[in-house]
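2 protein chains.
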Amino acid sequence: MFEQLGLIGCGLMGGSFALALKRAGLVKRVVGYSKSPSTTQKALHMGVIDIEAPSALMAVSGSDFVLLAVPVSATEAVLKSIRHIVTADMLLMDVGSTKSDVVAAARRGLRDEVGSFIPAHPIAGREVSGIGHANADLYNNCQVILTPFERSLTKQMRQAQAVWEALGCKVQLMSPQAHDAAYAAVSHFPHLMACALVQNVATQAKGKEYMTLAGSGFRDTTRIAAGDPQMWRDIFLANKTEVLAQSRAFVQHLQQMEQLIENDKSVELEVLLRLAQQSRKQWRMKTNGSTESTDV
Amino acid sequence: MFEQLGLIGCGLMGGSFALALKRAGLVKRVVGYSKSPSTTQKALHMGVIDIEAPSALMAVSGSDFVLLAVPVSATEAVLKSIRHIVTADMLLMDVGSTKSDVVAAARRGLRDEVGSFIPAHPIAGREVSGIGHANADLYNNCQVILTPFERSLTKQMRQAQAVWEALGCKVQLMSPQAHDAAYAAVSHFPHLMACALVQNVATQAKGKEYMTLAGSGFRDTTRIAAGDPQMWRDIFLANKTEVLAQSRAFVQHLQQMEQLIENDKSVELEVLLRLAQQSRKQWRMKTNGSTESTDV
């Protein structure tokens, strides 16, 4: 049980976390800060936060738990601005989709207090963003990756694990590097791919007409392309090496299939399609952080 | 109202059509043929068909409506085998995903009787196949593309349009070539892309581990990769030129994004991601042929 959550960033992720924490009875009050005052006010009106803070620093003041829910590129600057009131008793956590860069930013931003910071990535999210979509159920039954590093304090690690588990999540520990390699493959590159597909169709001479003819295959392969451009730009740049490696490996697989089609290699093509079918059929999502994946 | 539907191919598409036609009271009896006798028997037990036929020819005999629901590569051979009992009074229709090749196969297979044949592509389907999944609701509210050609008879065109509309579908007319270009962009290539993504992840050294970490983005971008490998092989080969053109254009868009990431072109990258976001957000599926797109 926490006395006060200092919420820095009142968007979909942060707002939903505050709502879930409150509903679970795990926090007495939430003090929130957002770059945009209108967002903070909306969070207050929605009951996501109890008190508006005029700065990140004021949101941290008096908090025993601080959640950073800002674009990953803002991590270092925010942590620097609060460093001098961070203590070894506080739990600091983020919810960013990349982890190596966040750990590096935390080291630079927090220096001696970096042990209080536990990097976290809840596998939840939606193609919409903003406080207006905040929802206490966003993290229900979702998978959460924690990527502690050698400076991480044991007490904070236990607290971080306990709080996600109390919200009904399944916690898994990984190194920041292993996290980034895995999520480049199954999340970051698929997002880039979905955006490239939409661009490819939409920019064709008859693209608009083609899109009116599209069905559920197009709907699902491109759903995530509606995600926040700024957030995803940050993710691609922060996890550049792994994302580019996945993209290039993917293109090789695609071009192998192109070759088989071009040369009428019917048998070999079917073999590859069957392998893909089997892999996909055997796969089941471990947990589900989003219940609204097909709302269009 | 038809006296008898001759159903050639008792799989998901054909079986669902027969069930829908019966439920709508548009046919008195269904005579079905499948290559595999156990499929035909199952269709009989499920009430999809009323009479088993030992051959395609026997399914056509006495029918005023014939539906071909076989892999597109089998179209010509099947039509040849029934040609001598096809008359100018019958309606023949298919449900294949490609149309130029089907029209060419129909011309060769039916010769003088090709005017009875109306090429149709209902934008429905699921990542499962087989008579066991046949469902009278599969075509509910779905879009159907008819691609008549200069030999098509007016009476059959009207009948084909009327029967789909009676099933609650929205009918649109296109040329076979325009159909194939459009569906290469919004259906065939996205399927190839989804298969290449699954293959890329599954064949990596840590691919199996990565897949256990995947969330709803991976789930949706890859859903269609679980589709029937043989059916999709046929589609890729039948619509080769358009599919390859889409694949190559897509790779150019992807590589443009790779370049921006590699060179830290943050502003330009965000512009492209925002264009993709806007195109995808503005898009709405016209009609919905599949209600079970997220069953994993």
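Here the protein sequences line up with chains A and B, keeping their order. Heads up, the first sequence is in my numbering, so the first residue is 182 and it goes up one at a time. Heads up, the second sequence is in my numbering, so the first residue is 182 and it goes up one at a time. Where a beta carbon is used, it is the ideal one built from N, C-alpha and C, also for glycine.
(request) Mind checking which residues open and close the beta strand (DSSP E) that includes A301(B)? (result) On the second sequence, residue 301(B) is found 120 positions in, with the first residue counted as 1. It spans 301-303 - the beta strand (DSSP E) in which A301(B) sits, taken as one unbroken run.
(request) Apply the 10 Å Cβ neighbour rule to Q433(B) and answer buried if 16 or more other Cβ atoms are within range, or exposed otherwise. (result) Taking the second sequence and counting its residues from 1, the one referred to as residue 433(B) is at position 252. With fewer than 16 Cβ atoms within 10 Å of its Cβ, Q433(B) is classed as exposed.
(request) Using a Cβ-Cβ cut-off of 9 Å, state whether K421(B) counts as contacting chain A. (result) Position 240 of the second sequence, counted from the first residue, corresponds to residue 421(B). Taking Cβ atoms only, chain A reaches closer than 9 Å to K421(B), which makes this a yes.
(message) Just to confirm the assignment: which complete alpha helix (DSSP H) runs, minimum length 4, are found wholly within the stretch 191-226 of chain A?
(response) 193-204, 218-226
(request) Quick one: list the residues of chain A neighbouring W464(B), beta-carbon separation under 7 Å, in chain order. (result) Within the second sequence, numbered from 1, the residue matching residue 464(B) stands at position 283. Within chain A, the residues near W464(B) are M392.
(request) Establish whether the CB of S197(B) and some CB of chain A are separated by less than 9 Å. (result) For the purposes of this step, residue 197(B) is taken as the residue at position 16 of the second sequence. Closer than 9 Å: no.
(request) For D409(B), count neighbouring C-beta atoms within 10 Å of its own C-beta (all shown protein chains included) and say buried if the count is 16 or more, exposed if not. (result) Walking along the second sequence from the start, residue 409(B) turns up at place 228. The residue is buried, with at least 16 neighbouring Cβ atoms inside 10 Å.
(request) Rank S236(B), V452(B), N420(B), P235(B) by C-alpha distance to the C-alpha of Q358(B) and give the top, closest one. (result) For the purposes of this step, residue 358(B) is taken as residue 177 along the second sequence, with counting starting at 1. Checking every option, the nearest Cα to that of Q358(B) belongs to N420(B).
(message) My parser needs the alpha helix (DSSP H) runs of 4 or more residues fully inside the stretch 220-299 of chain B; what are they?
(response) 237-241, 256-263, 281-291
(request) Taking K351(A) as part of the beta strand (DSSP E), name the residues at either end of that continuous run. (result) Here residue 351(A) refers to the residue found at position 170 when the first sequence is read from its first residue. K351(A) -> beta strand (DSSP E) spans 351-354.
(request) Give a yes or no on whether the minimum CB-CB distance between D270(B) and chain A is below 9 Å. (result) In the second sequence, residue 270(B) corresponds to position 89, counting from 1. No, D270(B) lies away from the interface with chain A (no Cβ there is under 9 Å from its Cβ).
(request) Keeping to the same chain, check which residues put their C-beta closer than 6 Å to that of A383(B); ignore five residues upstream and five downstream. (result) Residue numbering aside, residue 383(B) sits at position 202 when the second sequence is read from its first letter. Result list for A383(B): empty, nothing under 6 Å.
(message) With H, G and I counted as helix, E and B as strand and the rest as coil, what does DSSP make of V452(A)?
(response) Your numbering for residue 452(A) matches position 271 in the first sequence. In this structure, V452(A) counts as helix in the three-state DSSP scheme.
(request) Using three-state DSSP, classify F540(A) as helix, strand or coil. (result) Examination of residue 540(A) is not possible in this model, given that chain A is present from 182 through 477 alone.
(request) With L378(B) as the anchor, note down where its alpha helix (DSSP H) starts and where it stops. (result) On the second sequence, position 197 is the one that residue 378(B) refers to. Looking at the DSSP string, the run of the alpha helix (DSSP H) that includes L378(B) is 370-383.
(request) Count the other CB atoms, across all protein chains shown, that sit within 10 Å of the CB of L354(A); report buried if there are 16 or more and exposed otherwise. (result) Start at 1 with the first residue of the first sequence, and residue 354(A) comes out as number 173. Exposed: under 16 other Cβ atoms inside 10 Å.
(message) Quick check on N381(B) - is its C-beta less than 9 Å from some C-beta in chain A?
(response) Indexing the second sequence from 1 puts residue 381(B) at position 200. It does; some Cβ of chain A falls within 9 Å.
(message) Which of the three DSSP states is assigned to F431(A) in this structure?
(response) Locating residue 431(A) in the first sequence gives position 250, where the first residue counts as 1. F431(A) falls in the helix class under three-state DSSP.
(request) Return the residue from the list I442(A), V208(A), A269(A), W464(A) that minimises the CA-CA distance to T403(B). (result) On the second sequence, residue 403(B) is found 222 positions in, with the first residue counted as 1. Comparing Cα positions, the closest option is W464(A).
(message) Rounding to the nearest angstrom, what Cα-Cα distance links V247(B) and I230(B) in this structure?
(response) For the purposes of this step, residue 247(B) is taken as the residue at position 66 of the second sequence. For the purposes of this step, residue 230(B) is taken as the residue at position 49 of the second sequence. Distance between the alpha carbons of V247(B) and I230(B): 13 Å.
(request) Confirm, please, whether the CB-CB distance from P303(A) to C323(A) is below 9 Å. (result) As a working mapping, residue 323(A) is identified with position 142 in the first sequence. As a working mapping, residue 303(A) is identified with position 122 in the first sequence. A contact, by the Cβ cut-off of 9 Å.
(request) Starting from G187(A), follow the beta strand (DSSP E) in both directions and report where the run begins and ends. (result) Reading the first sequence from its first residue, position 6 is the one you call residue 187(A). Taken as a continuous stretch (DSSP letters only), the beta strand (DSSP E) holding G187(A) covers 183-189.
(message) With H, G and I counted as helix, E and B as strand and the rest as coil, what does DSSP make of V325(B)?
(response) Here residue 325(B) corresponds to residue number 144 of the second sequence, with the count starting at 1. Residue state, collapsed to three classes: strand.
(request) Spatial neighbours of K261(A) within its chain, please: CB distance less than 7 Å, with the 5 preceding and 5 following residues excluded, ordered by chain position. (result) The residue you call residue 261(A) lines up with position 80 of the first sequence. Hits under 7 Å: G290.
(message) Since L454(B) and V367(A) should fall inside the 8 Å C-beta cutoff, what is the C-beta to C-beta distance between them, to a whole number of angstroms?
(response) Position 273 of the second sequence, counted from the first residue, corresponds to residue 454(B). Position 186 of the first sequence, counted from the first residue, corresponds to residue 367(A). No, L454(B) and V367(A) are not in contact; Cβ-Cβ is about 19 Å, not under 8 Å.
(request) Indicate the three-state DSSP secondary structure (helix, strand or coil) for K462(B) in the structure shown. (result) For the purposes of this step, residue 462(B) is identified with residue 281 of the second sequence, where counting begins at 1. It is helical.
(message) I'd like to confirm something about A366(B): is its beta-carbon nearer than 8 Å to some heavy atom of the ligand GTP, or not?
(response) As far as ligands go, the structure on display features none, and thus does not contain the ligand GTP.
(message) In whole angstroms, give me the CA-to-CA distance for A315(B) and A199(A).
(response) Start at 1 with the first residue of the second sequence, and residue 315(B) comes out as number 134. Start at 1 with the first residue of the first sequence, and residue 199(A) comes out as number 18. Roughly 45 Å separates the two Cα atoms.
(message) Quick check: is the beta carbon of D409(B) nearer than 9 Å to any beta carbon in chain A?
(response) Indexing the second sequence from 1 puts residue 409(B) at position 228. Taking Cβ atoms only, chain A reaches closer than 9 Å to D409(B), which makes this a yes.
(message) Closer than 8 Å is the cut-off here; do at least three beta carbon pairs connect the stretch 265-281 of chain B with the stretch 212-221 of chain B?
(response) no
(request) Please list the partners that D445(A) has in chain B, where partner means a Cβ-to-Cβ separation under 7 Å. (result) On the first sequence, position 264 is the one that residue 445(A) refers to. Ordered by position in chain B, the residues that pass the 7 Å Cβ test against D445(A) are L418.
(request) Say whether chain A places a C-beta atom closer than 9 Å to the C-beta of L248(B). (result) Position 67 of the second sequence, counting from 1, holds the residue named residue 248(B). Answer no: the Cβ-Cβ gap between L248(B) and chain A never drops below 9 Å.
(request) Tell me, please, whether the CB atom of T256(B) is closer than 9 Å to any CB atom in chain A? (result) As a position in the second sequence, residue 256(B) is number 75, starting the count at 1. No, because no Cβ of chain A sits closer than 9 Å to the Cβ of T256(B).
(request) Check each residue of the stretch 324-342 of chain B: if its Cβ is closer than 8 Å to any Cβ of chain D, include it; give the result in chain order. (result) Absent from the structure is chain D; the protein chains it does hold are A and B.
(message) What does the alpha-carbon distance come out to for the pair G213(A) and A269(A)?
(response) Counting from 1 along the first sequence, the entry for residue 213(A) is found at position 32. Counting from 1 along the first sequence, the entry for residue 269(A) is found at position 88. Distance between the alpha carbons of G213(A) and A269(A): 21 Å.
(request) Tell me whether M481(B) is buried or exposed, calling it buried when 16 or more other Cβ atoms sit within 10 Å of its Cβ. (result) Only positions 182 to 477 of chain B appear in the structure, and residue 481(B) is not among them; the question remains open.
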